[in-house]
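So the sequence lines, in the order shown, correspond to chains A and B. Position 5 of the first sequence, counting from 1, maps to 33 under this note's numbering, and the rest follow consecutively. Position 91 of the second sequence, counting from 1, maps to 119 under this note's numbering, and the rest follow consecutively.
Protein chains: 2
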Amino acid sequence: MALIYLVEDDADIREMETYALKSAGLSVASFAESTAFFAALKTELPDLVLLDIMLPGLDGMQVLKRLRADASTQTIPIIMVTAKTTEADKVRGLDSGADDYLTKPFGVMEMVSRCKALLRRAHRQSAVLAFDSIELDDARHCVTVDGREVELTFKEYGLLKYLLQNCGTAVTRDQLMGSVWGFAFTGETRTVDMHIKTLRKKLGEAGQLIETVRNVGYKIGGQA
Amino acid sequence: MALIYLVEDDADIREMETYALKSAGLSVASFAESTAFFAALKTELPDLVLLDIMLPGLDGMQVLKRLRADASTQTIPIIMVTAKTTEADKVRGLDSGADDYLTKPFGVMEMVSRCKALLRRAHRQSAVLAFDSIELDDARHCVTVDGREVELTFKEYGLLKYLLQNCGTAVTRDQLMGSVWGFAFTGETRTVDMHIKTLRKKLGEAGQLIETVRNVGYKIGGQA
DNA sequence: GACGGAACTGAAGAAATCATGAAAACAAAG
DNA sequence: CTTTGTTTTCATGATTTCTTCAGTTCCGTC
Chain A
29 MALIYLVEDD ADIREMETYA LKSAGLSVAS FAESTAFFAA LKTELPDLVL
79 LDIMLPGLDG MQVLKRLRAD ASTQTIPIIM VTAKTTEADK VRGLDSGADD
129 YLTKPFGVME MVSRCKALLR RAHRQSAVLA FDSIELDDAR HCVTVDGREV
179 ELTFKEYGLL KYLLQNCGTA VTRDQLMGSV WGFAFTGETR TVDMHIKTLR
229 KKLGEAGQLI ETVRNVGYKI GGQA
Chain B
29 MALIYLVEDD ADIREMETYA LKSAGLSVAS FAESTAFFAA LKTELPDLVL
79 LDIMLPGLDG MQVLKRLRAD ASTQTIPIIM VTAKTTEADK VRGLDSGADD
129 YLTKPFGVME MVSRCKALLR RAHRQSAVLA FDSIELDDAR HCVTVDGREV
179 ELTFKEYGLL KYLLQNCGTA VTRDQLMGSV WGFAFTGETR TVDMHIKTLR
229 KKLGEAGQLI ETVRNVGYKI GGQA
């Protein structure tokens, strides 16, 4: 699920926006000022940032600049939110590297739509395989469960990737062998079992999502 | 955060300007006359200078010329501030190399806006890739860690740049080869490893930020 | 409830990958 | 032509990862 960081000093507006976004099925963490926001960035990076331009302390434009300056955050989509209405302000905001610009007062539906549009665009770029709480970002070559990063070895990663690619359908050990090991190995070996075991262990709770299909192999994500 | 040096002899105006700039999230150091200002320049260079044209001792125009004469300060954006209003004065100021020109009395908001605009522009010019304590200024072709400059060879620089450009995503040795060496080399070679090693060494503590992704390659800047 | 096959577990040896240091090849300057 | 510095290669050792094996547990069937 997409995570959105919302930075807005007005408590009423903040709650309204949070409610609207959550209703749309998005995860939201909101901040009244930039300090807490930057602290949160060190823990987890969001998929999108909604940034009010008028903030106490470091203002929105400064925040934007800082986000664009750091390599780890510079690709995160940012929507600026402001009461200012002049054309010049919009231009300034967009010039600074914002991806979109919302002018108060705006309808929450429009806000949600724009968020989704940006998320769609960003999502296409990085092919992310996901099921339930498990996410596999192939570009970053990293796997997260509930946002927590999980360190996997090469084969474990390959297995999980293949299972997620064939989400819902059972795959045989031979298929897994062929895909991950690169050659068709047909014979008795408990090697796959072994890696599945460590994979389940590393995934913790989510490891149970990998189901055993007797006499066939494994699958991830069948019906509940 | 951007650092601004403010040179203004009138204490009231100085305080007002300092307050406005700080409210906008900028760091400000103010000076009543040029001697202290030049002394400060030897310690740390600002991102922008706000310079009153009427100063006791060395006047603003002289200060401006001196800043433009020195290689270390000639690229710093400078805004001249003056009570003079004639067109001729503005032209003189701008011709001397000032980047912008403010005429008293002026609104503090306008002053802040102009400062920000200049800072933005200056920032865009120098494409700086940054992650954590590592900064790579591509325009100046120099790398700093926690502000300390690090001498890198050509290939090391190329590697670091590519890693920073793909911050968060794992890059293969082939990709690095292709990008830094300019040709697609696929085969067994520990050359990349070697350069990564020296790169890590030169970066010191920050070298650990370059993670090795087994069976894949390297990456910089995953999640904590 | 017992049986047989299938899957899981743990440990230990085998294999692969990566880091390291030293030295050779190469290029650029004095 | 020497000197200096950079880049590449190679061999070694450390570490991680993979595989195998044997014993145990689980599941479906009779």
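Even glycine gets a Cβ: it sits at the ideal position worked out from N, Cα and C.
**Item:** Proximity test, Cβ basis, 7 angstroms: THR46 (chain B) and chain A
**Value:** On the second sequence, position 18 is the one that residue 46 (chain B) refers to. No, THR46 (chain B) lies away from the interface with chain A (no Cβ there is under 7 angstroms from its Cβ).
**Simplified DSSP state of PHE266 (chain A), which is helix, strand or coil** = The requested residue 266 (chain A) does not occur in the structure, where chain A is confined to residues 29 to 252.
**Message:** Would GLN90 (chain A) pass as an interface residue toward chain B - the criterion being a Cβ-Cβ separation below 7 angstroms?
**Reply:** Taking the first sequence and counting its residues from 1, the one referred to as residue 90 (chain A) is at position 62. At least one chain B Cβ lies under 7 angstroms of GLN90 (chain A).
**For LEU2 (chain A), the three-state DSSP class (helix, strand or coil)** = The structure shown does not extend to residue 2 (chain A), since chain A is modelled only from 29 through 252, so no value can be given for it.
**Asked** Is GLN102 (chain B) buried or exposed, if buried means 16 or more other CB atoms sit within 10 Å of its CB?
**Response** Counted from its first residue, the second sequence places residue 102 (chain B) at position 74. Exposed is the call here.
**Asked** Under a three-way DSSP split, which group does VAL35 (chain A) fall into?
**Response** Translated into the one-based positions of the first sequence, residue 35 (chain A) becomes position 7. Strand, per DSSP.
**Request:** Tell me whether GLU163 (chain B) is buried or exposed, calling it buried when 16 or more other Cβ atoms sit within 10 Å of its Cβ.
**Result:** Walking along the second sequence from the start, residue 163 (chain B) turns up at place 135. It is buried - the Cβ of GLU163 (chain B) has at least 16 other Cβ atoms within 10 Å.
**Prompt:** Are any of the Cβ atoms in chain A nearer than 7 angstroms to that of GLY256 (chain B)?
**Reply:** The structure shown has nothing for residue 256 (chain B), since chain B only spans 29 to 252.
**LYS176 (chain A) - containing beta strand (DSSP E), residue span** = Residue mapping note: residue 176 (chain A) aligns to position 148 of the first sequence, counting from 1. The question names Lys, but residue 176 (chain A) is Arg in the sequence shown. Where ARG176 (chain A) is concerned, the enclosing beta strand (DSSP E) stretches over 176–178.
**Request:** Could you name the residues of the same chain whose beta carbon sits closer than 8 angstroms to that of ALA198 (chain B), not counting the 5 residues immediately before and after it, in chain order?
**Result:** By 1-based counting over the second sequence, the position of residue 198 (chain B) is 170. Counting only Cβ-Cβ distances below 8 angstroms, and skipping sequence neighbours, we find VAL241, VAL244, GLY245, TYR246, LYS247.
**Message:** Beta carbons nearer than 9 angstroms to chain A: which residues of the stretch 32–58 of chain B have them?
**Reply:** Cβ contacts with chain A come from SER51, ALA52, GLY53, LEU54.
**Request:** Determine whether the Cβ of ASP75 (chain A) lies closer than 7 angstroms to any Cβ atom of chain B.
**Result:** One-based indexing of the first sequence puts residue 75 (chain A) at position 47. Not one chain B Cβ lies under 7 angstroms of ASP75 (chain A).
**Request:** Return the CA-CA distance between TYR190 (chain B) and GLY249 (chain B), expressed in angstroms with no decimal places.
**Result:** In the second sequence, the residue the question calls residue 190 (chain B) occupies position 162. In the second sequence, the residue the question calls residue 249 (chain B) occupies position 221. When the Cα atoms are used, TYR190 (chain B) and GLY249 (chain B) turn out to be separated by approximately 12 angstroms.
**Asked** ARG228 (chain B) to PHE134 (chain B), Cα distance in whole Å?
**Response** Stepping through the second sequence from its first residue, residue 228 (chain B) is reached at position 200. Stepping through the second sequence from its first residue, residue 134 (chain B) is reached at position 106. Computed Cα separation, rounded: 51 angstroms.
**Prompt:** Which chain B residues are close to SER207 (chain A), counting only those with a beta carbon under 7 angstroms from its beta carbon?
**Reply:** Walking along the first sequence from the start, residue 207 (chain A) turns up at place 179. Neighbours of SER207 (chain A) on chain B: none; closest Cβ ~15 angstroms, over 7 angstroms.
**Asked** Between which two residues does the beta strand (DSSP E) containing VAL56 (chain B) stretch?
**Response** Here the question's residue 56 (chain B) lines up with position 28 in the second sequence. That run of the beta strand (DSSP E) goes 55–59.
**Prompt:** Around the C-beta of GLU216 (chain B), are 16 or more other C-beta atoms found within 10 angstroms, so that it is buried, or is it exposed?
**Reply:** Here residue 216 (chain B) is taken as the residue at index 188 of the second sequence, counted from 1. Within a 10 Å sphere around the beta-carbon of GLU216 (chain B) sit fewer than 16 other beta-carbons, which makes this residue exposed.
**Request:** For GLY135 (chain B), decide whether its Cβ has a neighbour in chain A, counting only Cβ atoms nearer than 7 angstroms.
**Result:** Position 107 of the second sequence, counted from the start, is the residue given in the question as residue 135 (chain B). So no, GLY135 (chain B) is outside the interface.
**Asked** Considering only residues of the same chain and omitting the five flanking positions on each side of GLY175 (chain A), which have a CB-CB separation below 6 angstroms?
**Response** Taking the first sequence and counting its residues from 1, one reaches residue 175 (chain A) at position 147. Correct list, in chain order: GLU72.
**Request:** Go through its chain and collect everything with a Cβ distance to ILE81 (chain B)'s Cβ below 6 angstroms, but skip five positions before and after it.
**Result:** For the purposes of this step, residue 81 (chain B) is identified with residue 53 of the second sequence, where counting begins at 1. Correct list, in chain order: GLY88, MET108, THR110.
**Request:** Please report how far the alpha carbon of ALA253 (chain B) lies from the alpha carbon of LEU192 (chain B), in whole angstroms.
**Result:** Coverage of chain B is limited to positions 29 through 252, which leaves residue 253 (chain B) absent and any answer about it impossible.
**Request:** Report buried or exposed for GLU45 (chain A), applying the criterion of at least 16 other Cβ atoms within 10 angstroms of its Cβ.
**Result:** Locating residue 45 (chain A) in the first sequence gives position 17, counting from the first residue. Buried, because 16 or more other Cβ atoms sit within 10 Å of the Cβ of GLU45 (chain A).
**Prompt:** Hey, would you say PHE65 (chain B) sits closer than 7 angstroms to PHE59 (chain B), going by beta carbons?
**Reply:** Numbered from 1 along the second sequence, position 37 holds the residue referred to as residue 65 (chain B). Numbered from 1 along the second sequence, position 31 holds the residue referred to as residue 59 (chain B). Yes. Within cutoff.
**Asked** Can you tell me whether PRO84 (chain B) is buried or exposed, with buried defined as 16 or more other CB within 10 angstroms of its CB?
**Response** Translated into the one-based positions of the second sequence, residue 84 (chain B) becomes position 56. Within a 10 Å sphere around the beta-carbon of PRO84 (chain B) sit fewer than 16 other beta-carbons, which makes this residue exposed.
**Asked** Can you name the start and end residues of the beta strand (DSSP E) that GLU65 (chain B) belongs to?
**Response** Position 37 of the second sequence, counted from the start, is the residue given in the question as residue 65 (chain B). Checking the displayed sequence, the identity of residue 65 (chain B) turns out to be Phe instead of Glu. Premise fails: PHE65 (chain B) lies in the alpha helix (DSSP H), 62–71, not in any beta strand (DSSP E).
**Prompt:** Roughly how far, in whole angstroms, is the beta-carbon of CYS195 (chain B) from the beta-carbon of ALA99 (chain A), given that I think they are within contact range, below 8 angstroms?
**Reply:** The residue labelled residue 195 (chain B) in the question sits at position 167 within the second sequence. The residue labelled residue 99 (chain A) in the question sits at position 71 within the first sequence. Right, the Cβ-Cβ distance comes to about 4 angstroms (below 8 angstroms), so this counts as a contact.
**Asked** What are the boundary residues of the alpha helix (DSSP H) that GLU184 (chain B) is part of?
**Response** Numbered from its first residue, the second sequence carries residue 184 (chain B) at position 156. Here the alpha helix (DSSP H) through GLU184 (chain B) covers 182–193.
**Prompt:** Under 7 angstroms Cβ-Cβ, which residues of chain B neighbour ASP98 (chain A)?
**Reply:** What you label residue 98 (chain A) is simply residue 70 of the first sequence in a count that begins at 1. Result: ALA158, PHE159.
**Item:** chain A contact for ARG242 (chain B) (CB, 7 angstroms cutoff)
**Value:** Start at 1 with the first residue of the second sequence, and residue 242 (chain B) comes out as number 214. With a threshold of 7 angstroms between beta carbons, ARG242 (chain B) makes contact with chain A.
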